[in-house]
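**Student:** The structure under discussion is supplied below as structure tokens; questions concerning it will follow.
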Amino acid sequence: MSSLNATRLKICGIKNVKEALDVLEFDVDYIGVIFAQSVRQVAPDTAKEISALARERDRKCVGVFAGQSDSEIVELCEFAMLNVAQIHGEISQSLYLGLKNLDVEVWRVLSVSEGDLPKTNEPNDMVLYDCKGRNLGGNGVSFEWQKLENLEPFSFGIAGGIDENNACAALKFHPLVIDANSKLEDEKFIKIPSKVAVLAAIVNNKMKIE
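Just so we're aligned, residue 1 is where the sequence shown starts under the UniProt record's numbering, counting upward by one.
Spelled out as structure tokens, the structure:
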């Protein structure tokens, strides 16, 4: 998988075991399950199954949260044996410490719109920048990545409208994580294996698209 100074690939919005198995066929580092209100929302039992599949293949599973209480987030991470909590909303010190006690990484999602890049003083292990849209993620829309040019390389993540057609442009800013979701799906919100395969090849420097 990825080296320390290399971009990692996360495929988010995994909804069932079959989709997880299809995606895990490729060179991805993380798969994501969504607990927030969404067409891609999963039940805790399903998330646990998906997380186990990732773990068996030496990959990591990310839980996406919005609107849950601190205790709910911690309980879901423990139950599903997640590696990462990706949080839309405030991260308290007690939530951060509760997750670290479970050896769970904490990613803070910041929505980017017009103006300067948003910042946070909340405790986190990585900030994931996403495009502000109608929904909390999964909008298929990108923000102006040029806003990231002064950030320390491999210290942040990029989400929002990423697929095989614009991944090279995103990689130029040296994100630690590229997070892809809706642009890889069919009309039933299921990931298309061929699109995942091409994106994984690009992120892992096995394929160049001019």
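Don't be surprised by glycine CBs; every beta carbon is placed ideally from N, CA and C.
By a C-beta neighbour count over all protein chains shown, 10 Å radius and 16 as the cutoff for buried, is ASP45 buried or exposed?
**Tutor:** Residue 45 sits at position 45 when you count from the first residue of the sequence shown. The residue is exposed, with fewer than 16 neighbouring Cβ atoms inside 10 Å.
**Student:** So the candidates are GLU78, ILE34, VAL23 and LYS10; which of them puts its Cα closest to the Cα of ALA197?
**Tutor:** Residue mapping note: residue 197 aligns to position 197 of the sequence shown, counting from 1. For the residues GLU78, ILE34, VAL23 and LYS10, the minimum Cα distance to ALA197 belongs to VAL23.
**Student:** In this structure, how does DSSP classify ASP186 when only helix, strand and coil are distinguished?
**Tutor:** Numbered from 1 along the sequence shown, position 186 holds the residue referred to as residue 186. ASP186: coil per DSSP, three-state reduction.
**Student:** Quick check: VAL109 and VAL84, are their CB atoms within less than 8 Å of each other?
**Tutor:** The residue you call residue 109 lines up with position 109 of the sequence shown. The residue you call residue 84 lines up with position 84 of the sequence shown. Not closer than 8 Å, so no.
**Student:** If you draw a straight line from the alpha carbon of ALA200 to that of VAL28, how long is it in whole angstroms?
**Tutor:** Here residue 200 refers to the residue found at position 200 of the sequence shown. Here residue 28 refers to the residue found at position 28 of the sequence shown. Each residue's alpha carbon lies about 6 Å from the other.
**Student:** Could you tell me the alpha carbon to alpha carbon distance between GLY137 and ILE87, rounded to whole angstroms?
**Tutor:** Taking the first residue of the sequence shown as position 1, residue 137 is located at position 137. Taking the first residue of the sequence shown as position 1, residue 87 is located at position 87. Since pLDDT at GLY137 reaches only 47, below the 50 mark, its modelled position is unreliable, and the value read off the structure follows with that caveat. Cα to Cα, the separation comes out at about 11 Å.
**Student:** Which residue from SER113, TRP107 and CYS131 puts its Cα closest to that of ASN121?
**Tutor:** The residue labelled residue 121 in the question sits at position 121 within the sequence shown. Ranking the options by Cα distance to ASN121, first place goes to TRP107.
**Student:** Between the region 31-48 and the region 63-81, are three or more C-beta pairs nearer than 8 Å?
**Tutor:** yes
**Student:** Helix or strand or just coil, what does DSSP make of GLN68?
**Tutor:** Mapped onto the sequence shown, residue 68 falls at position 68. Three-state result, GLN68: coil.
**Student:** Compare the C-alpha of LEU128 against each of GLY89, ILE14 and ASP163 and name the closest.
**Tutor:** Here residue 128 refers to the residue found at position 128 when the sequence shown is read from its first residue. Out of GLY89, ILE14 and ASP163, the CA that lies nearest to the CA of LEU128 is found in GLY89.
**Student:** Does the separation of the CB atoms of ALA180 and CYS12 fall below 8 Å?
**Tutor:** In the sequence shown, residue 180 corresponds to position 180, counting from 1. In the sequence shown, residue 12 corresponds to position 12, counting from 1. Going by C-beta atoms, ALA180 is nearer than 8 Å to CYS12.
**Student:** On the criterion of 16 or more Cβ atoms from any shown chain inside 10 Å, does GLY67 qualify as buried, or is it exposed?
**Tutor:** The sequence position of residue 67 within the sequence shown is 67, counting from 1. So GLY67 counts as exposed.
**Student:** By alpha-carbon positions, which one of SER94, LYS100 and LEU171 ends up nearest to MET81?
**Tutor:** Here residue 81 refers to the residue found at position 81 of the sequence shown. Ranking SER94, LYS100 and LEU171 by Cα distance to MET81 puts LYS100 first.
**Student:** How long is the line joining the alpha carbons of SER38 and LYS183, rounded to whole angstroms?
**Tutor:** As a position in the sequence shown, residue 38 is number 38, starting the count at 1. As a position in the sequence shown, residue 183 is number 183, starting the count at 1. So the two alpha carbons sit approximately 16 Å from each other.
**Student:** Once DSSP output is grouped into helix, strand and coil, what is the label at GLY89?
**Tutor:** The residue given as residue 89 occupies position 89 in the sequence shown. In the structure shown, GLY89 sits in coil (DSSP, three-state: anything other than H, G, I, E or B).
**Student:** Just reading off the alpha helix (DSSP H) that LYS18 is part of, what are its end residues?
**Tutor:** As a first step, residue 18 is located in the sequence shown; it is residue number 18 there, counting from the start. Element bounds for LYS18: 17-24.
**Student:** Less than 8 Å between the beta carbons of LEU171 and GLY157, yes or no?
**Tutor:** Start at 1 with the first residue of the sequence shown, and residue 171 comes out as number 171. Start at 1 with the first residue of the sequence shown, and residue 157 comes out as number 157. Taking 8 Å as the cut-off, the Cβ atoms of LEU171 and GLY157 do not count as close.
**Student:** Would you mind sorting GLU187 into buried or exposed? The rule is 16 or more other CB atoms within 10 Å of its CB.
**Tutor:** Taking the sequence shown and counting its residues from 1, one reaches residue 187 at position 187. GLU187 should be labelled exposed.
**Student:** Could you name the residues that DSSP lists as bridge partners for SER111?
**Tutor:** As a first step, residue 111 must be located in the sequence shown, where it is residue number 111. Bridge partners of SER111: ASP130.
**Student:** With a threshold of 8 Å on Cβ separation, who are the neighbours of residue 228 within its own chain once the five nearest residues in sequence on each side are excluded?
**Tutor:** Nothing in the structure corresponds to residue 228, since the chain is present only between 1 and 210.
**Student:** Does DSSP classify LEU76 as helix, strand or coil?
**Tutor:** On the sequence shown, residue 76 is found 76 positions in, with the first residue counted as 1. In this structure, DSSP gives LEU76 a helical state, which the three-state scheme calls helix.
**Student:** Taking just the CA atoms, how far does LEU102 sit from GLU75?
**Tutor:** Counting from one through the sequence shown, the residue named residue 75 turns up at place 75. Counting from one through the sequence shown, the residue named residue 102 turns up at place 102. The straight-line gap from Cα to Cα measures roughly 10 Å.
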